[in-house]
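Numbering-wise (our numbering), the sequence shown opens with residue 228 and increments by one.
The beta carbon of each residue, even a glycine, is placed where N, CA and C say it ideally should be.
In this text the structure is predicted, and so the values were computed from the model without any measurement.
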Amino acid sequence: MPRMQKFPVQTGMSPVERAATFAFAAIAFISLLLQRRLIAHYRRRLAGLAADPDAVENISAGSFWRQLKGVAGIAITSWRSKEVAATGAFVALFGMKALLNVVRVNADNNVVEAVVRTSSGTAPALGWFVSVSLALATVTGVIEQLRFWLIAHYRARLTAYFHDKLFREITFYRIGLADERIAPGTAIATYCHEFAEHFAELPYYFVLPFAEAFASLFFLAKQAGVGPACAIVASTVASLFFLRSASPEFGRMHAITLDSEEHFRISHNDVRSHAEQLALENGGEYMRRKLNNMFRRVYDALGQVAVAKGYFSLLQNAVSLSVWDIMPLLLAAHKARNGFSRGVVLQALLVQRPLVRKFHQSVEALIENIKEASHLYEFTDKLSEFDRVLKECHEAMPKAARTDDDSNAGGSGMLSPSLSRGRHSRTPSMDPASIRSPVLDLREDSEGNALVDQCLRVEDVTVETPADVKLITKLSFTVDRGTNWVILGPNGSGKTSILRCLAGLWQPATGQITRSPNMELFFLPQQAFLLSNATLFEQLAFPDVLEFNGQRGVATPADIEYAKNAMGYAFADSIVQMLGGWDSPVVGCNGDDDLSYPWESLSGGQTQKIAIARLFFHAQVLRERGLACFAMLDECTSQIDADSED
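Pasting the structure below:
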């Protein structure tokens with residue numbers, strides 16, 4: 228081994244260097260103290276914002292793994308699925324990328340060494356470096372493509388699963404009567420995406436940094452020896468444990484930020500939903516102040532995260548500069564003190580320092596990604612809670628909204644063939660012989676068709692709100708086919724609640740409601756519902772599922788005739804003319820070129836007329852199928868002009 232005279236070593240620092248060192252250290256220390264005080268200040272300001280701000284931190288390992296297993300079982304249906312195969316390829320590519328990263332660092336060192344020595348090996352070293360870089364770029368591109376593919380497929384499975392559960396029968400209605408634990412729209416549109424993204428990136432969080440750390444340590448031990456490699460591992464682990472203990476509660480902060488953002492978003496949606504009422508009450512100034520106050524919470528939550536990240540970044544850089552960057556310099560100094568030549572010492576710096584830094588960065592990323600995984604904890608918990616709420620709401624549904632076996636399992640209940648009125652998904656008419664108690668008086672004509680004199684029977688029904696407020700006690704009546712009934716009573720007496728029970732939305736506290744299987748119920752409330760993205764024909768056919776050709780549903784000649792009759796019966800022909808006539812794309816009878824319309828721009832009376840025309844449309848369809856139409860009208864003409872109402 229070539230040796231030479233030992234390097235001269237500077238034994239002291241100048242007064243200027245001492246002063247600068249002391250000043251910079253003091254500035255860093257004061258910055259840390261100020262940032263810690265700011266974090267505590269934000270925490271006090273945000274106290275009480277979340278119902279359980281420490282929920283993310285307090286999730287037990289066993290509970291988390293059970294929840295993750297449940298949600299992951301939705302995203303991955305079986306071990307033979309294509310997502311599992313793609314994940315296996317994903318992990319293998321990460322191992323390949325980690326190896327290529329370290330090989331590229333080594334190839335870069337070889338290029339520098341060849342250039343310094345001005346040897347003939349510069350061109351081959353440069354060619355090898357370019358080849359490794361191209362291979363690394365190819366692997367990285369495939370990894371990114373697989374990552375987005377996995378995110379899209381996981382999200383698609385989660386979205387389909389929760390859509391099926393949310394819109395199963397009337398679960399979507401009952402979840403609105405539950406508490407505000409979770410918003411279905413946010414859970415499906417946001418939480419499913421966030422879970423899919425973090426779940427797909429688990430290999431990126433752990434496999435890649437672990438593989439890079441292992442490869443870097445292997446090459447480092449080969450270059451510097453086992454002893455220096457062990458010393459580097461020990462210093463790295465000690466410094467990272469220090470950083471972990473000093474790290475702020477990023478999971479808790481993220482939970483508070485999401486909570487404040489959610490409250491702010493919901494309040495803005497309320498303004499949009501009740502814009503006219505707010506304008507009539509001159510409530511703009513009140514809402515401005517309220518929303519500004521809510522945004523201050525959002526601002527404080529974001530500020531806390533910003534200060535915490537700055538605080539932790541300062542700690543990371545301090546540890547990186549004071550520990551990790553010093554280790555390769557100490558190794559080089561050790562060689563210099565032992566009389567190694569300048570070239571050997573320079574080679575040690577060129578080769579070992581990048582490997583040491585790569586090892587430190589990989590281990591740092593591994594620890595950092597453990598904190599990133601706290602987001603996965605949070606979204607796993609939220610989706611598990613959403614799934615649980617959906618199950619609770621379905622189990623609490625009226626017996627009429629379940630199968631025949633469920634309907635007759637208890638003492639009292641309602642009997643209904645289906646609550647889904649979609650024409651292509653509606654349950655066929657039930658055979659009278661298959662109907663169990665309670666039943667209506669069903670007779671057959673000479674052709675075997677059921678004749679229904681009684682459409683609906685209510686016996687000793689007590690109506691209570693979901694909050695257990697008793698509205699009506701021991702109500703009994705029978706509705707015969709072809710009769711009209713009017714429910715009279717003061718405000719708050721339970722008129723609408725009776726209709727909800729008849730429609731199957733609420734379950735009576737006591738008594739039973741029995742209805743014929745050969746009829747369909749239609750509920751027209753005072754506030755009519757129109758689809759936000761639909762043609763006029765789709766508005767009339769809702770909730771029937773249309774046969775699709777292109778973007779919109781195709782109307783048959785019979786459907787068009789029903790629609791024209793319905794709009795005439797509802798005195799709504801003027802709306803058709805306003806939309807451009809029956810051939811207009813907005814009306815939607817021509818297939819592919821149909822257009823939507825801003826239905827919210829219609830007046831209240833026009834909206835109610837379309838809702839009434841929808842009833843007449845379905846009455847014609849039901850008559851064609853031999854079924855009766857039972858309409859429940861809850862002040863559905865309150866905004867229509869007097870002539871049309873009469």
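Q: Mind reading off the beta-carbon distance from F446 to N328? Whole number of angstroms is fine, and I expect it under 8 Å.
A: So it is not a contact: roughly 11 Å between Cβ atoms.
Q: Taking the CB atoms as reference points, tell me whether W826 and A761 lie closer together than 9 Å.
A: In this structure, A761 lies closer than 9 Å to W826 by Cβ.
**Q.** Exposed unless 16 or more other CB atoms sit within 10 angstroms - verdict on S443
**A.** Its Cβ being crowded by 16 or more others within 10 Å, S443 is buried.
**Q.** For L363 and K324, believed in contact at Cβ under 8 Å, the rounded distance
**A.** Rounded to whole angstroms, the Cβ separation of K324 and L363 is 7 Å, and the two are in contact under 8 Å.
Q) When we look at the beta-carbon of V434 and count the other beta-carbons within 10 Å, is it buried (16 or more) or exposed? A) Buried: at least 16 other Cβ atoms inside 10 Å.
Q: Could you check if S589 is buried or exposed, using at least 16 other CB atoms within 10 Å of its CB as the buried criterion?
A: Buried: at least 16 other Cβ atoms inside 10 Å.
Q: Could you have a look at E284 and say whether DSSP puts it in helix, strand or coil?
A: Because E284 sits at a pLDDT of 45, beneath the cut-off of 50, its placement in the model cannot be relied upon, and the following sentence gives the value as read from the coordinates. The answer is helix: DSSP assigns E284 an H, G or I state.
Q | DSSP beta-bridge partners of F875 | A | Missing from the structure shown is residue 875; the chain here goes from 228 to 873 and no further.
Q: In angstroms with no decimal places, state the Cα-to-Cα distance between L748 and C856.
A: Roughly 6 Å separates the two Cα atoms.
(Q) Suppose you measure from the CA of A677 to the CA of D707; what does that come to, to the nearest Å? (A) Since pLDDT at A677 reaches only 42, below the 50 mark, its modelled position is unreliable, and the value read off the structure follows with that caveat. Roughly 14 Å separates the two Cα atoms.
Q.
Please state whether the Cβ-Cβ distance between A535 and F477 is less than 9 Å.
A. Inclusion of A535 and F477 in the CB contact set at 9 Å is warranted, their separation being smaller than that value.
Q: Look up E691 in the DSSP assignment and give the residues it is bridged to.
A: The partner list for E691 (beta bridge, DSSP) reads K697.
Q: Identify the continuous alpha helix (DSSP H) that holds E454 and give its terminal residues.
A: It is Gly, not Glu, that sits at residue 454 in the sequence shown. Per DSSP, G454 belongs to the alpha helix (DSSP H) from V453 to A473.
Q) DSSP three-state call for T834: helix, strand or coil? A) Here T834 sits in helix by DSSP.
Q. Should Y431 go down as buried or exposed, given a rule of 16 or more other Cβ atoms within 10 Å for buried?
A. Taking all protein chains shown into account, Y431 has 16 or more neighbouring C-beta atoms within 10 Å of its C-beta and is therefore buried.
Q. Under three-state DSSP, which class holds S656?
A. Reliability of the predicted coordinates at S656 is poor, the pLDDT of 31 falling under 50, and no value is obtained from them.
Q.
Distance check for R742 and S865, CA to CA, integer angstroms please.
A. Rounded to the nearest angstrom, the two C-alpha atoms are 28 Å apart.
Q | A799 and A840 closer than 9 Å at C-beta | A | Cβ atoms of A799 and A840: closer than 9 Å.
(Q) At the level of alpha carbons, what is the spacing between V583 and A456? (A) Distance from the CA of V583 to the CA of A456, rounded to the nearest whole angstrom, comes to 9 Å.
Q.
I'd like to check one pair, A592 with P475: are the Cβ atoms closer than 9 Å?
A. Not a contact, by the Cβ cut-off of 9 Å.
Q: Compare the beta carbon distance of L751 and D861 with 9 Å and say whether it is the shorter of the two.
A: If you check the CB distance, L751 and D861 come in under 9 Å.
Q: State buried or exposed for N423, treating a residue as buried only when at least 16 other CB atoms are found within 10 Å of its CB.
A: In the sequence on display, residue 423 carries Ala and not Asn. Buried is the call here.
Q | Closest Cα partner of P812 within the set I802, F844, L763 and S828 | A | When I802, F844, L763 and S828 are compared, the shortest CA-CA separation from P812 is found for L763.
Q. Name the DSSP beta bridge partners of F704, please?
A. In the DSSP output, where bridge partners are listed per residue, F704 has V685.
Q: Can you grab the Cα-Cα spacing for the pair Y388 / T700, in whole Å?
A: The straight-line gap from Cα to Cα measures roughly 40 Å.
Q: Tell me whether P655 is buried or exposed, calling it buried when 16 or more other Cβ atoms sit within 10 Å of its Cβ.
A: Reliability fails at P655, whose pLDDT of 31 lies under 50, so the model's placement of it is uncertain and the value that follows must be treated cautiously. The residue in question, P655, is exposed, as its Cβ has fewer than 16 Cβ neighbours within 10 Å.
Q: Give the DSSP-derived three-state secondary structure of V734 in the structure shown.
A: A small correction: the amino acid at residue 734 is Gln; Val does not occupy that position in the sequence shown. In the three-state reduction of the DSSP assignment, Q734 falls in the coil class.
Q) Can you name, in chain order, every residue of its own chain whose Cβ lies under 7 Å from the Cβ of S241, other than the five neighbours on each side? A) Excluding positions up to five away in sequence, the list is empty.
Q | Check whether C189 and I740 have beta carbons under 9 Å apart | A | Only positions 228 to 873 of the chain appear in this structure, which leaves residue 189 out of reach.
(Q) Please report the distance separating the alpha-carbon of C419 from that of R395. (A) Their backbone Cα atoms lie some 19 Å apart in a straight line.
Q | For Q739, three-class secondary structure by DSSP | A | Here Q739 sits in strand by DSSP.
Q.
Tell me the rounded alpha-carbon separation between C863 and Q835.
A. Rounded to whole angstroms, the gap between the alpha carbons of C863 and Q835 is 6 Å.
Q.
Please identify the residue among R264, G315, L353 and T349 whose C-alpha is closest to the C-alpha of R331.
A. When only C-alpha atoms are compared, the closest one is L353.
Q. Which of the three DSSP states, helix, strand or coil, is assigned to F394?
A. In the three-state DSSP reduction, F394 falls in the coil class, being neither helix nor strand.
Q: Locate the alpha helix (DSSP H) running through N519, then write down its first and last residues.
A: For N519, the enclosing alpha helix (DSSP H) has its first and last residue at G511 to V546.
**Q.** Coarse secondary structure for F769, derived from DSSP in three states
**A.** F769: coil per DSSP, three-state reduction.
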